[in-house]
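Structure, as structure tokens:
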Amino acid sequence: MKFVIATGLLLLSCTSGFVTPNYKSSSSALNAGPKKDTYDVTLLPGDGIGPEITEATKVVLERLCKRCNFSLNLKEALIGGKAIDEKNDPFPQESLDQCLASDSVLLACIGGYKWDTNPRELRPETGLLKMRKEMGLFANLRPAIVLPQLLDASTLKREVVEGVDIMVVRELTGDVYFGEPKGIDTDADGQRIGYNNMIYSESEIDRIARVAGDVASKRGGKLCSVDKANVLDVSQLWREVVTSVIDKDFPDVTLSHMYVDNCAMQLIRWPKQFDTIVCGNIFGDILSDEASMLVGSLGMLPSASIGEDGPGVFEPIHGSAPDIAGEDKANPLAMILSAAMMLRYDLSRPQEALLLETAVEMALDANVRTADIKQDND
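Quick note on the numbering used here: the sequence shown kicks off at 2 and runs consecutively.
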């Protein structure tokens, strides 16, 4: 991949003092472990284009380690469709054990048409949910930063997206995806009924509000909490708890509230009004994908999933793109930027993270493009 060559070589030429102005991300970590000379990192290549972007990221990380004099012991494990094919389990116990024993986890992507008709317990997405639950990954951080090199890649007007820098903080282990009871049953008349439950406890809301407050305090100091409190009881509790936490413990953060339908509209109408957004699992799932299109491509956006302790999981937000798997067309930048988030939030190496982000921007400055971000004048 030409991106690998470009970013790898640029890492060798970057000066350690170069600071790019395009990232608001804090140089301090939320729950990073101690800085070390050597780290154990589990790689989860997954499915589709996953193995390709994993290999690309490995090359860049090897160059970074050489440049900055530290080591990453990279060891692969199974998840998703490949794990189903080999172990009949979308996230085998040995993969979980390896992840928990690591300093951090770097995930590519999972899923594909091959497994879409499997029973629920044998679908790749079930493995992803299991990983989040078993590793206690309750907070998902998804930045959406419009880089100047890709302004025209967005479908929105330049004046709408220029300067956009949003962090979506999504609660990851509660809400309708995990609420019980759930299922598909048959009523007395023989009609099938499907149901899920949107459930949050006060403690679950409290801890995600604290993460969001911490993130917002290290960025622009503005936090927008998204809910549907006008019709949902669970959202009324959400709003009460978030307000209490931020007012009491984050006095320097300006808190606002917005209904989810309005937020979906405002992200398109005037995205620069947002700095940090906090929301529940299902709202965050939808809004973070919407925010990604401000940037112009899902192939550009990283994410971090973290817990109260233990390793985090860092992954691009895009899917496995099985239609282009094996064709050397995949954009690896989201996974490379996910590795930068890993360096910042898990491995206590913020300067190395910044160096990696800088190398990505320099590669874009050099007009290196994959098809998803290529513009007419490239």
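Quick reminder that beta carbons are idealized off the backbone N, C-alpha and C, glycines included.
Just so it is clear, the structure is predicted and the values come from calculations on it, not from any experiment.
The ligand NAP and residue i: does any heavy atom of the ligand fall closer than 6 angstroms to the residue's C-beta?
i	result
LYS223	Looking for the ligand NAP in the displayed structure turns up nothing, as the structure carries no ligands at all.
Quick check: the Cα distance between residue i and residue j, rounded to an integer number of angstroms?
i	j	result
PRO149	ALA360	15 angstroms
LEU299	LYS59	20 angstroms
GLY39	PRO351	Per the sequence shown, residue 39 should be read as Thr rather than Gly. Near 16 angstroms, if we compare the C-alpha coordinates of PRO351 and THR39.
ALA213	ALA189	45 angstroms
GLY195	LYS183	8 angstroms
ILE80	SER103	16 angstroms
ASP262	VAL232	12 angstroms
THR187	GLY128	27 angstroms
PHE71	THR43	17 angstroms
ASN197	PHE284	15 angstroms
VAL162	LEU355	23 angstroms
ALA78	PRO46	8 angstroms
GLN267	GLU358	28 angstroms
LYS273	PRO317	23 angstroms
PRO22	PRO93	Its pLDDT being 34, under 50, PRO22 is placed unreliably in this model, and the coordinates cannot settle the point.
ASP250	LYS67	41 angstroms
Are the beta-carbon atoms of residue i and residue j separated by less than 7 angstroms?
i	j	result
GLY51	ALA145	no
ALA139	LEU101	Sequence inspection shows Phe at residue 139; the Ala mentioned does not correspond to that position. It is not a contact, given that the beta carbons lie outside the stated cut-off.
LEU142	VAL170	yes
LEU97	GLU135	yes
VAL227	MET259	yes
SER306	VAL314	yes
LEU151	ILE325	no
PRO303	SER339	yes
GLY221	ASP276	yes
LYS76	ASP48	no
ALA335	MET294	no
SER257	CYS225	yes
ALA57	PRO312	no
ALA331	GLU53	yes
GLU203	VAL246	no
CYS69	GLU328	no
TRP239	ILE269	no
Residues bridged to residue i by DSSP?
i	result
TYR196	GLY184
CYS264	According to DSSP, CYS264 bridges with nothing at all.
CYS110	GLY47
VAL314	VAL106 and SER306
ASP166	ILE146
Any idea what DSSP makes of residue i, helix, strand or coil?
i	result
THR156	coil
ILE374	helix
PHE284	helix
GLU328	coil
LEU130	helix
LYS76	strand
ASP228	strand
GLY406	Here the chain comprises residues numbered 2 to 379, so residue 406 is not present and cannot be evaluated.
THR277	strand
SER26	Bear in mind that a pLDDT of 42 at SER26, under 50, signals an unreliable position, so the number given afterwards is only what the model happens to contain. SER26 falls in the coil class under three-state DSSP.
TYR40	strand
VAL257	A small fix is needed here, since residue 257 is Ser in this sequence, not Val. Strand.
ASP215	helix
LEU142	strand
ARG270	helix
ARG68	helix
ARG171	strand
THR118	coil
PHE19	Reliability fails at PHE19, whose pLDDT of 35 lies under 50, so the model's placement of it is uncertain and the value that follows must be treated cautiously. Coil.
SER96	helix
SER293	helix
PRO125	helix
GLY191	coil
GLY81	coil
SER339	helix
My assumption, with CB atoms under 8 angstroms, is that residue i sits in contact with residue j. Please give the rounded CB distance.
i	j	result
LYS219	THR255	Contact flag wrong, Cβ pair sits at about 14 angstroms.
TYR178	ASN74	Contact doesn't hold; Cβ gap of about 33 angstroms is too wide.
ASP166	ARG159	Not quite, the Cβ-Cβ distance comes to about 16 angstroms (not below 8 angstroms), so this is no contact.
ASP347	SER105	4 angstroms
MET343	LEU157	Actually they do not touch by this definition, with Cβ atoms about 30 angstroms apart.
LEU288	ALA322	Not a contact, Cβ separation roughly 22 angstroms.
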